[in-house]
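Trainee: Each residue of the sequence shown is one higher than the one before, starting from 0 at the first, in numbering that gives the first Met the number 0.
Glycine included, C-beta positions come from ideal geometry on N, C-alpha and C.
One structure is given below, represented as structure tokens, and several questions about it will come after.
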Amino acid sequence: MSITPAEHIQNKIYFIRDKKVNKITQHITTIFIFLFSFGSVFAQQQNLPLNREFGLVNQKVFNGFDNNVHTSFLPINQSFIKNLSDSILSKNEQKFYLSNVAKSEKKPRNFFGWMYRSIFYGNFLAVDTGNFYLSISPQWNIELGKDSEDKSGRTLYKNTRGIMIRANVGEKFSFETSLYENQMVLPQYLDNYANGTGIIPGQGRWKKFKSNQGYDFSSASANISYTLNKHLNFQLGTGKNFIGDGYRSLLLSDASFNYPFWKIISTFGKKDQFQYTKLNASLSSITRRSLGSTGEALFQRKTMSTHYFSWLATKWLNVGLFESTLWQTEDSTGTKPLQWQQFNPVIGINTATTGFNDVNHTVVGTNLKIKLPFKAVVYNQLVYDGGSKYGYQIGAKYFGINNLTLQAEYNSTSAFTYSSTTRLQTYSNYNEPLAHPLGAGFKEIVGIINYKYKRMFTQLKYNQIKSDIIGGNIFLSEEENLYSTINSGAVSATTKITSIKRELNILQAHIGFLVNPKNNLSVLIGLTKRSDKIPSAAFVNETNYIYFGLRTSLRNLYSDF
Numbered sequence: 000m001s002i003t004p005a006e007h008i009q010n011k012i013y014f015i016r017d018k019k020v021n022k023i024t025q026h027i028t029t030i031f032i033f034l035f036s037f038g039s040v041f042a043q044q045q046n047l048p049l050n051r052e053f054g055l056v057n058q059k060v061f062n063g064f065d066n067n068v069h070t071s072f073l074p075i076n077q078s079f080i081k082n083l084s085d086s087i088l089s090k091n092e093q094k095f096y097l098s099n100v101a102k103s104e105k106k107p108r109n110f111f112g113w114m115y116r117s118i119f120y121g122n123f124l125a126v127d128t129g130n131f132y133l134s135i136s137p138q139w140n141i142e143l144g145k146d147s148e149d150k151s152g153r154t155l156y157k158n159t160r161g162i163m164i165r166a167n168v169g170e171k172f173s174f175e176t177s178l179y180e181n182q183m184v185l186p187q188y189l190d191n192y193a194n195g196t197g198i199i200p201g202q203g204r205w206k207k208f209k210s211n212q213g214y215d216f217s218s219a220s221a222n223i224s225y226t227l228n229k230h231l232n233f234q235l236g237t238g239k240n241f242i243g244d245g246y247r248s249l250l251l252s253d254a255s256f257n258y259p260f261w262k263i264i265s266t267f268g269k270k271d272q273f274q275y276t277k278l279n280a281s282l283s284s285i286t287r288r289s290l291g292s293t294g295e296a297l298f299q300r301k302t303m304s305t306h307y308f309s310w311l312a313t314k315w316l317n318v319g320l321f322e323s324t325l326w327q328t329e330d331s332t333g334t335k336p337l338q339w340q341q342f343n344p345v346i347g348i349n350t351a352t353t354g355f356n357d358v359n360h361t362v363v364g365t366n367l368k369i370k371l372p373f374k375a376v377v378y379n380q381l382v383y384d385g386g387s388k389y390g391y392q393i394g395a396k397y398f399g400i401n402n403l404t405l406q407a408e409y410n411s412t413s414a415f416t417y418s419s420t421t422r423l424q425t426y427s428n429y430n431e432p433l434a435h436p437l438g439a440g441f442k443e444i445v446g447i448i449n450y451k452y453k454r455m456f457t458q459l460k461y462n463q464i465k466s467d468i469i470g471g472n473i474f475l476s477e478e479e480n481l482y483s484t485i486n487s488g489a490v491s492a493t494t495k496i497t498s499i500k501r502e503l504n505i506l507q508a509h510i511g512f513l514v515n516p517k518n519n520l521s522v523l524i525g526l527t528k529r530s531d532k533i534p535s536a537a538f539v540n541e542t543n544y545i546y547f548g549l550r551t552s553l554r555n556l557y558s559d560f
């Protein structure tokens, strides 16, 4: 019986926990060093956590005017972080930066020293023999709150428990895995989303619990990384990726659920000015196959091949080229033969041979970043999906004041961008868009303020969105006749409707205290104020959610849509 990468990693972890851990660790280390000892050697190979707020101090360093890092394909692998100056940071920020990118584990002298370190400075458990490094950290998101606009009087909460395990074996091989178990009672607008899509935003399928008021679900991710030499890294796992330098991505974001993938990252040229990434993934719908279906029949699937070319043209200019193709792996007749073209390593060939509107659906785009000498960057994305389907992003980040980051961003896409005449071939995964969580047909302004003083931190974020409910549904195509019943909770019709305008205003804020900078364990209090209007139907839905939480935030989870 075959096992998944996550199960394989878990088996290794149980093995390491044996009584003879030191002896076993030495044997494992010896084996891996023997197998992977060719090429150059260097430090860790872990991916940095894919969380915007946790990674702000890293981004300040990477975007320093004289630093040379490809920042637009996330997560960034530590093996590609070289010879960086962190002088752009305050002394306080430098401490957090070193905690984020280095092991920085100190052996405790006694039990009380271990308790103090594991709560306030380090991982819960760390084993470091020099050739082998293993860390284990519990993961939490305990949240309790009330929505004053919810007339049912429900108490809203999140109860997430999990574990994250990371390891380096020798100088070239690493793995990590995380497991989460969740029970939640959510605000009404997220209830509507979960019931309409069958998905908790970014976290997969659910089942009901607690008299059908809440949701019970679990998720897992895993990643194996092997760095052949200082220019080439291979990864195999289940997780998420993000392309861009903004808060949103119109190319590929981490808003949808985890997916299995393999990835090759290579750098070349003077001072590694070129980076080329090849990503192949297996994506899923939540529609079960019809032939031989049972209650647990397999879901319909598709595959994705993505190419991204990044060029550090100067110390202040970064240019990126993007291409992603969704390959049809099954149709009404069953599973289709393997299409070897999805393994093509050269950007542009798939677009030239498949076009945009075939059953093999291609999306292309660009990513541009300009670093300014006064500690700021401006960035831009363009996405094109054939015909009149396109989108663009423009934004700026400023970090010239110690402990402060300011960001402003504008996103816009035309109606039906990312859609396909073949429903399964929409640019989606698990019933969620692979790019912006709103889908398409929107105009959005985002403003974010982040401030951290020592271990105190705060974030204020505002989204203003104008969208089209019909054109924003990527599971419809502009070629379809829209004579279906549209039910948004405010509009019901059986005649052809071409557009339903919607206005969203979302204010999210929190203030908190960072307990442990190593795993981002924090206590915080937060607020979500959301107004959802459909003017043509005189429909207004308000959310006024206040909560208190304890959480370790090492991943992005979006609720601002």
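Might you give, ordered along the chain, the residues of its own chain that have their beta carbon closer than 7 Å to the beta carbon of Leu549, omitting 5 neighbours on each side?
Mentor: Correct list, in chain order: Trp139, Ile141, Val522.
Trainee: Rounding to the nearest angstrom, what Cα-Cα distance links Tyr426 and Tyr544 in this structure?
Mentor: Each residue's Cα considered, the two are about 32 Å apart.
Trainee: Please return the same chain residues whose Cβ sits closer than 6 Å to the Cβ of Ser446, not counting the five positions on each side in sequence.
Mentor: Note on residue identity: the sequence assigns Gly, not Ser, to residue 446. Excluding positions up to five away in sequence, the list reads Ala407, Tyr461.
Trainee: Taking just the CA atoms, how far does Gln234 sit from Asn181?
Mentor: Roughly 27 Å between the two C-alpha positions.
Trainee: Across which residues does DSSP place Gly213 in a beta bridge pair?
Mentor: Its beta-bridge partners are Phe208.
Trainee: Quick one: Cα of Asp253 to Cα of Ser218, how far?
Mentor: Each residue's alpha carbon lies about 15 Å from the other.
Trainee: Where are the alpha helix (DSSP H) runs, 4 residues long or more, that stay fully inside the region 287–353, in chain order?
Mentor: Within the region 287–353, the complete alpha helix (DSSP H) runs of at least 4 residues are 348–353.
Trainee: Let me check you understand the geometry: is the CB of Thr353 closer than 6 Å to at least one non-hydrogen atom of the ligand GTP?
Mentor: The ligand GTP is not part of the structure shown, which contains no ligands of any sort.
Trainee: Go through its chain and collect everything with a Cβ distance to Lys335's Cβ below 8 Å, but skip five positions before and after it.
Mentor: If we look at Lys335 and ignore the five residues flanking it on each side, its Cβ neighbours are Gln327, Thr328, Glu329.
Trainee: Apart from the five residues just before and just after Phe208, which ones in its own chain have a Cβ nearer than 8 Å to its Cβ?
Mentor: The residues are Gln182, Tyr214, Asp215.
Trainee: Over the uninterrupted alpha helix (DSSP H) stretch that includes Leu189, give me the two end residues.
Mentor: That run of the alpha helix (DSSP H) goes 187–196.
Trainee: Taking Ala395 as the reference, give the member of Asn401, Lys388, Leu405 with the closest Cα.
Mentor: That would be Leu405, whose Cα lies nearest to the Cα of Ala395.
Trainee: Just how far apart, CA to CA, sit Thr416 and Arg554?
Mentor: If I take the Cα positions, the gap works out to 27 Å.
Trainee: How many Å lie between Ala414 and Lys81 at the Cα?
Mentor: Rounded to whole angstroms, Ala414 to Lys81 spans 42 Å at the Cα level.
Trainee: Can you tell me which residues form a DSSP beta bridge with Tyr389?
Mentor: Paired residues: Tyr383.
Trainee: What do you get for Thr176, buried or exposed, if any count of 16 or more other CB atoms within 10 angstroms of its CB means buried?
Mentor: Looking at its Cβ environment, which holds 16 or more other Cβ atoms inside 10 Å, Thr176 is buried.
Trainee: With DSSP run on the structure shown, which of helix, strand or coil describes Phe64?
Mentor: Residue state, collapsed to three classes: coil.
Trainee: Sorted by chain position, which residues of the same chain lie with C-beta nearer than 7 Å to Arg422's C-beta, five sequence neighbours on each side aside?
Mentor: Within the same chain, Arg422 has close Cβ partners Phe474.
Trainee: Return helix, strand or coil for Pro259, following the three-state DSSP convention.
Mentor: The answer is strand: DSSP assigns Pro259 an E or B state.
Trainee: I'd like the span of the beta strand (DSSP E) that includes Arg116, first residue to last.
Mentor: Note, Arg116: premise wrong, no beta strand (DSSP E); alpha helix (DSSP H) at 110–119.
Trainee: Alpha carbon to alpha carbon, how far is Tyr557 from Val345?
Mentor: In a straight line, the C-alpha of Tyr557 is about 33 Å away from that of Val345.
Trainee: Measuring alpha carbon to alpha carbon, tell me which residue in Ala439, Val184, Phe547 is nearest Arg153.
Mentor: For Arg153, the nearest C-alpha among the options comes from Val184.
Trainee: On the DSSP letters alone, give me the boundaries of the beta strand (DSSP E) that Asn410 sits inside.
Mentor: Note, Asn410: beta strand (DSSP E), 403–412.
Trainee: Could you please give the first and the last residue of the uninterrupted beta strand (DSSP E) stretch that includes Gly525?
Mentor: Per DSSP, Gly525 belongs to the beta strand (DSSP E) from 520–533.
Trainee: Assign Gln463 to one of three DSSP states: helix, strand, or coil.
Mentor: In this structure, Gln463 counts as strand in the three-state DSSP scheme.
Trainee: Using DSSP bridges, identify the partner residues of Thr176.
Mentor: Beta-bridge pairing links Thr176 to Ile164, Ala221.
Trainee: Quick check: the Cα distance between Lys314 and Val363, rounded to an integer number of angstroms?
Mentor: Cα to Cα, the separation comes out at about 25 Å.
Trainee: In terms of DSSP beta bridges, what is Ala508 paired with?
Mentor: Leu459, Leu526, per the DSSP bridge assignment.
Trainee: Rounded to whole angstroms, what's the CA-CA distance from Ser151 to Tyr378? Just pull it up for me.
Mentor: Their Cα atoms are separated by approximately 44 Å.
Trainee: Return helix, strand or coil for Lys396, following the three-state DSSP convention.
Mentor: The answer is strand: DSSP assigns Lys396 an E or B state.
Trainee: Evaluate Val68 with the Cβ neighbour count: other Cβ atoms within 10 Å of its Cβ, from every protein chain shown; 16 or more gives buried, anything less gives exposed.
Mentor: Val68 comes out buried.
Trainee: Buried or exposed: Leu88, going by 16 or more other Cβ atoms within 10 Å of its Cβ?
Mentor: Per the 10 Å Cβ criterion, buried.
Trainee: Can you check which of these residues, Gln274, Gly197, Ser136, is closest to Tyr179 by C-alpha distance?
Mentor: Answer by Cα proximity: Ser136.
Trainee: For the candidate residues Asp65, Gly399, Asn191, Ile75, whose alpha-carbon lies nearest to that of Gln44?
Mentor: The shortest C-alpha separation from Gln44 is found at Ile75.
Trainee: Exposed or buried, which one is Ala351 when buried takes at least 16 other CB atoms within 10 Å?
Mentor: Ala351 should be labelled exposed.
Trainee: Three or more beta-carbon pairs under 8 Å between the region 294–313 and the region 56–64, yes or no?
Mentor: No: the two stretches stay apart, fewer than three of their Cβ pairs being nearer than 8 Å.
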